[in-house]
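Peer 1: Going by my numbering, 267 is the number at position 159 of the sequence shown; the sequence numbering is gapless.
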Amino acid sequence: MDMSENVKQIESDSTRALWYVAHTYSGYENKVKENIEAAVIRRNMSDIIEEVVVPMHKVEETKNGERKVVEKKVFPGYVLVKMYMTDDAWYIVRNTRGVTGFVGPASKPVPLTEEELRNLGIIEKETITTDLEIGDEIEVLSGPFENYTGVIEEINIDKAKLKVNISMFGRETPVELDFTQVSKF
109 MDMSENVKQI
119 ESDSTRALWY
129 VAHTYSGYEN
139 KVKENIEAAV
149 IRRNMSDIIE
159 EVVVPMHKVE
169 ETKNGERKVV
179 EKKVFPGYVL
189 VKMYMTDDAW
199 YIVRNTRGVT
209 GFVGPASKPV
219 PLTEEELRNL
229 GIIEKETITT
239 DLEIGDEIEV
249 LSGPFENYTG
259 VIEEINIDKA
269 KLKVNISMFG
279 RETPVELDFT
289 QVSKF
């Protein structure tokens, strides 16, 4: 199979590379990672197999009365591979020394979901941007305060929430709203 056939297969399979989990012999995770990366370079397939990761986390250990922070594998015996699932990509990963197969029913590779990737720390939450600023006058578009107007007092980018003072019954009432519920005047 030449590279042009690979590209056609990529376009038909997916518009983006997905993360798959390969099962390895325990203790061989880093060697498997190195071998897959070497095969990708050797076969010029970096556009098909984009990244190989052995998830690690820091753990505090005490040995001989000394405390040390060491890195340990999150999932011993597993390697994550970001790739387009083509016949060549499957072949390279599956036939790498130390790989016993892909995670999935009957060893049919199943990609990880976005939520699973976020939980593993592989992908970050999407960055939210807004043109709203503290002091802006807004109109509420939906929810129980629909058609009310107010002034933005606080903005929480991480949660995509606003604290808005709305005038109700002759008093200023603070309410929390989503970015999507309001429109700037």
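Beta carbons are placed, not taken as given, at the ideal position from N, Cα and C, and that holds for glycine.
Under the three-state reduction of DSSP, which class applies to P213: helix, strand or coil?
Peer 2: helix
Peer 1: Between the Cα of V290 and the Cα atoms of G278, I263 and E247, which residue gives the shortest distance?
Peer 2: E247
Peer 1: Which class does V283 belong to by DSSP, given the choice of helix, strand or coil?
Peer 2: strand
Peer 1: Following the continuous beta strand (DSSP E) through A130, name the residue where it begins and the one where it ends.
Peer 2: Counting along the chain, the beta strand (DSSP E) containing A130 begins and ends at L126 to T132.
Peer 1: Expressed to the nearest angstrom, what Euclidean distance is found between the alpha-carbon atoms of E280 and K267?
Peer 2: 23 angstroms
Peer 1: Would you tell me roughly how many angstroms separate the C-alpha atoms of G209 and T132, rounded to the nearest one?
Peer 2: 7 angstroms
Peer 1: Quick check on the DSSP output: the alpha helix (DSSP H) that includes L225 runs from which residue to which?
Peer 2: E222 to L228
Peer 1: Decide if A197 is buried, meaning its Cβ has at least 16 other Cβ atoms within 10 Å, or exposed.
Peer 2: buried
Peer 1: Looking only at DSSP bridge pairs, what is T257 linked to?
Peer 2: E247
Peer 1: Using CA coordinates, which residue listed in I200, T221 and I242 is at the minimum distance from I263?
Peer 2: I242
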